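Novice: Mind looking over this structure? Questions follow.
Residue numbers (this note's numbering), protein chains in the order written: chain A, 1 to 401; chain B, 1 to 383.
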């Protein structure tokens, strides 16, 4: 069945190249400027080509914040503008998205959340037809995620040892100038930049990269009803190798107004970025193209094969979370991921989002330390039916706001 | 499930609501570093809104099928209460009495709610049938913790050696699903460090053979601490032998490990003329059933019959335990258990980080976390 899916992808590439569909979602212009520390306002963006991308609300898994779930019920997709530039050593991205409210996490509050954005790359070598799972990667296919959020100064508790400066100022013995000096010192040792980078191979495994490697430079700025976020990083380091003709990238944005954080976000599918001057990236670009099957026939096949028994299929169906909801799957899953998941459900099984959060409905069992999906294996499907089903599933996405 | 479970029993018949436990905990852990509003230990009046306000109505926990339930994250001002400070600083520059428009100290925020805000209000009408009792609450260090289940980052873990539930602050990203998931609302968001924090059952004290500060300081000696599988411990006897100590809101499905001896006695009601109504009790049994489940009937029956036995024969092991003669008997922690655990781990006590993530797999290098007891654990990998 592995063979079947590979030959299908080969067929899809061939079809795509015949139809001349091989344009990347984003084109990274080659520039001669240093990109190591550039922000969203850098001049280099004047030379860049902007593409429109769509970010879809994450609905595959349920989260347990009641207010946030209410605020995000029937969330619509968002449009954003993205540009990229590279100079052969570094690559930089700029994303601009509309957000009517500037939400900054600050002050002595327990229930406010920050706006922010993330950029995801596959970690290490990647194969165009088996990219990591879009949500935090999957076992054996890790991802690196860069995150920048509008969080005002915060204080890392570990490793600094300066307990005295963690005191409430009113519980110090200080007054006047001494107290001012104390407060200044507290401010100075706080972290004013939230920027973080993570490596993950599935939900829950996400681990912050704090090994001292200077990975990236991400900036975030708000201007007239929208955010601008920039990320610059080297094309190659111990975690990623992006120095190819074309690379996959995915974006996510968070809206603090809707109590967004973590999985409560809008995200893209894997998008292709062609790096100008790096050769022919058509293999990856084609692999990310949508399936070409018959949508109506696919819808019927999804119904007759009983997918709705465990998955919420259309947004109008009742969510049951016996399996991941598919109501926005077309927004953020590639055709090759859908093919792989139908033919071989155990190929990509992400660890349960919440440990025993759905203990009544096991998404997978563990056999000899390996996750085995409880989904039926559909490897017996004929190639055309599969392609039709994938084409239908790719139409399942929220409308754009 | 952890190999062993440390548990606490609180005898509600003896709690006088003095808040010494609250203060012991606050000065030990939560008077600084963004925790000022938190009360890892609080004592609330029941019936009442409690702390945070109406916590029993904020969701979390599991349904009968074992699925995690959605919950609400309380608001700091409205539900927890802002810890206000007075303008002590002005003492050195202003005369706060003479010629001052607002004489005396004034709070920097107008207080609208706080822990113990509705102290002693209770329910019923004074004087004929009003009633209340005190309910001290800490983290229940549950066997099936709602907070742990809700965390999308594996940042909450339950220690193998004693079942203490801890937040791995190195992994926590401050998403706060844990707060929604905990039906007791005993895990808090620290805005200063943007991470969640909670009662740690004073594990650094416990590892040295000392009981948690709240239990040590309790003037009424209502708190017993010990391992649930230690048949010599008074905790074991109260929970398993006599079955007079019961978990709070076991219907939440988290299997709490703090147990309560329910209030057994309550005064009689008065009639319209202020005369005692013989045989009446002010505290409705339904309230106790709601808090402690159907086992409360047998628990009360056992306590009453042991009281009677003590009166008649002068002997009752249960009454002797509940009288709490000696701290040494109430707390059974030492016996070198933690020293043995440490020895098995190369003479290091357990780090307050999730050991599953100590060894790096994907990160190029690990980063060191320094702890007070000198360990420099390498964290930052995964699996």
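Glycine is no exception: its CB is placed at the ideal position from the N, C-alpha and C atoms.
No experiment lies behind these values; they were computed from the predicted model shown.
(1) Cα separation between residue 277 (chain B) and residue 320 (chain B)?
(2) Select from B:286, B:53, B:161 and B:204 the residue whose C-alpha is nearest the C-alpha of residue 28 (chain B).
(3) If you follow the beta strand (DSSP E) that residue 213 (chain B) is part of, which residue opens it and which one closes it?
(4) Expressed to the nearest angstrom, what Euclidean distance is found between the alpha-carbon atoms of residue 113 (chain A) and residue 43 (chain B)?
(5) Assign residue 187 (chain B) to one of two classes, buried (16 or more other C-beta atoms within 10 Å of its C-beta) or exposed (fewer than that).
(6) Assign residue 401 (chain A) to buried or exposed, taking buried as 16 or more other Cβ atoms, counted over all protein chains shown, within 10 Å of its Cβ.
(7) Across which residues does DSSP place residue 422 (chain A) in a beta bridge pair?
(8) Using a cut-off of 7 Å between C-beta atoms, extract the partners of residue 325 (chain B) located in chain A.
(9) From residue 408 (chain B) to residue 260 (chain B), what does the alpha carbon distance come to, in whole angstroms?
(10) Answer with yes or no whether the minimum CB distance from residue 221 (chain A) to chain B is below 8 Å.
(11) Taking all protein chains shown into account, do 16 or more other C-beta atoms lie within 10 angstroms of the C-beta of residue 52 (chain B), making it buried, or fewer, making it exposed?
(12) Compare the C-beta of residue 72 (chain B) with all C-beta atoms of chain A and state if any pair is closer than 8 Å.
(13) Let me check one thing: in DSSP terms, what residues is residue 137 (chain B) bridge-paired to?
(14) Could one say the Cβ of residue 371 (chain A) lies closer than 8 Å to chain B's Cβ atoms, at least one of them?
(15) At 8 Å on the CB atoms, spell out the chain B contacts of residue 126 (chain A), in chain order.
(16) Is residue 183 (chain A) close to chain B? Criterion is C-beta to C-beta, closer than 8 Å.
(17) In chain order, which alpha helix (DSSP H) runs of at least 4 residues are fully inside the stretch 24-111 of chain B?
(18) Counting only beta-carbon separations shorter than 8 Å, does residue 21 (chain A) have a partner in chain B?
(19) Can you list, in chain order, the residues of the stretch 130-155 of chain A whose Cβ is nearer than 7 Å to any Cβ on chain B?
(20) Only counting the same chain, and skipping five residues up and downstream in sequence, which positions put a Cβ closer than 8 Å to that of residue 91 (chain B)?
(21) Between the C-alpha atoms of residue 178 (chain A) and residue 105 (chain B), what's the straight-line distance to the nearest angstrom?
(22) Grab the span of the alpha helix (DSSP H) containing residue 197 (chain B) for me, first residue to last.
(23) Can you list, in chain order, the residues of its chain whose CB lies under 6 Å from that of residue 195 (chain A), leaving out five sequence neighbours each side?
(24) Taking only beta-carbon positions, decide if residue 295 (chain A) is within less than 8 Å of chain B.
(25) With H, G and I counted as helix, E and B as strand and the rest as coil, what does DSSP make of residue 190 (chain B)?
(26) Give the C-beta separation of residue 75 (chain A) and residue 398 (chain A) to the nearest angstrom, bearing in mind that I take them to be a contact with Cβ-Cβ under 8 Å.
(27) Kindly indicate the opening and closing residues of the beta strand (DSSP E) around residue 146 (chain A).
(28) Let me know the secondary structure DSSP gives residue 51 (chain A) once reduced to three states.
(29) Does the stretch 264-271 of chain A come close enough to the stretch 136-145 of chain A that 3 or more CB-CB pairs lie under 8 Å?
(30) Tell me which same chain residues have a C-beta within less than 6 Å of the C-beta of residue 228 (chain A), skipping the five on either side of it?
(31) At a CB-CB cut-off below 7 Å, which residues of chain A make contact with residue 181 (chain B)?
(32) When the Cα of residue 128 (chain B) is compared with those of B:157, B:283, B:167 and B:248, which residue comes out closest?
(33) With three or more beta-carbon pairs closer than 8 Å as the criterion, would you say the stretch 52-63 of chain B touches the stretch 163-177 of chain B?
(34) Within the continuous alpha helix (DSSP H) that includes residue 410 (chain B), where are the two ends?
(35) How big is the Cα-Cα spacing for residue 266 (chain B) and residue 354 (chain B)?
(36) Are the C-beta atoms of residue 187 (chain B) and some chain A residue less than 8 Å apart?
Specialist: Walking through what the data contain:
(1) Roughly 32 Å between the two C-alpha positions.
(2) Comparing Cα-Cα distances from residue 28 (chain B) to each of B:286, B:53, B:161 and B:204, the minimum goes to B:204.
(3) In the DSSP annotation of this structure, residue 213 (chain B) is not part of any beta strand (DSSP E); the continuous alpha helix (DSSP H) holding it starts and ends at 213-217.
(4) Going by the C-alpha atoms only, they are around 30 Å apart.
(5) Its Cβ being crowded by 16 or more others within 10 Å, residue 187 (chain B) is buried.
(6) Burial is judged here by how many other beta carbons sit within 10 angstroms of a residue's own beta carbon; residue 401 (chain A) has fewer than 16 and is exposed.
(7) This structure cannot speak to residue 422 (chain A), because chain A is shown only from 1 to 401.
(8) Think of a sphere of 7 Å around the beta carbon of residue 325 (chain B): no beta carbon from chain A falls inside it, the nearest being about 37 Å out.
(9) Outside the displayed range of chain B (1 to 383) lies residue 408 (chain B), so it cannot be described from this structure.
(10) Chain B contact via Cβ: absent.
(11) Counting the other CB atoms within 10 Å of its CB gives residue 52 (chain B) a total of 16 or more, which places it among the buried residues.
(12) It does: the Cβ of residue 72 (chain B) has a partner Cβ on chain A nearer than 8 Å.
(13) DSSP output for residue 137 (chain B) lists B:42 as bridge partner(s).
(14) For residue 371 (chain A), the answer is no, since every Cβ of chain B falls outside 8 Å of its Cβ.
(15) Going along chain B, no residue has its Cβ under 8 Å from residue 126 (chain A), so there is no contact; the nearest lies around 15 Å.
(16) By this cut-off, residue 183 (chain A) is not an interface position.
(17) Counting whole runs of 4 or more residues, the stretch 24-111 of chain B contains no alpha helix (DSSP H) stretch at all.
(18) A caution first: residue 21 (chain A) carries a pLDDT of 49, below 50, which makes its placement in the model too unreliable to give a value.
(19) If the cut-off is 7 Å between Cβ atoms, the stretch 130-155 of chain A has 142, 151, 154 and 155 near chain B.
(20) Spatial neighbours of residue 91 (chain B) in its own chain (CB-CB distance under 8 Å, excluding positions within 5 residues in sequence) are not present.
(21) Going by the C-alpha atoms only, they are around 21 Å apart.
(22) Counting along the chain, residue 197 (chain B) falls outside any alpha helix (DSSP H), though it belongs to the beta strand (DSSP E) covering 195-198.
(23) For residue 195 (chain A), where only same-chain residues beyond five positions count, the Cβ hits under 6 Å are 148 and 218.
(24) Between residue 295 (chain A) and chain B, the shortest Cβ-Cβ separation is not below 8 Å.
(25) Residue state, collapsed to three classes: strand.
(26) Going by Cβ atoms, the distance from residue 75 (chain A) to residue 398 (chain A) rounds to 7 Å, so yes, they are a contact pair.
(27) Segment 143-149, the beta strand (DSSP E) holding residue 146 (chain A).
(28) Strand at residue 51 (chain A).
(29) Under the Cβ criterion (8 Å, minimum of three pairs), the stretch 136-145 of chain A does not count as touching the stretch 264-271 of chain A.
(30) These residues qualify, in order along the chain: 40, 96 and 221.
(31) Within chain A, the residues near residue 181 (chain B) are 64.
(32) Nearest to residue 128 (chain B) by alpha-carbon distance, out of B:157, B:283, B:167 and B:248, is B:283.
(33) The stretch 52-63 of chain B makes no contact with the stretch 163-177 of chain B: fewer than 3 CB pairs, one atom from each, lie closer than 8 Å.
(34) This structure cannot speak to residue 410 (chain B), because chain B is shown only from 1 to 383.
(35) Those two C-alpha atoms are separated by around 45 Å.
(36) Under the Cβ criterion of 8 Å, residue 187 (chain B) is not counted among the residues facing chain A.
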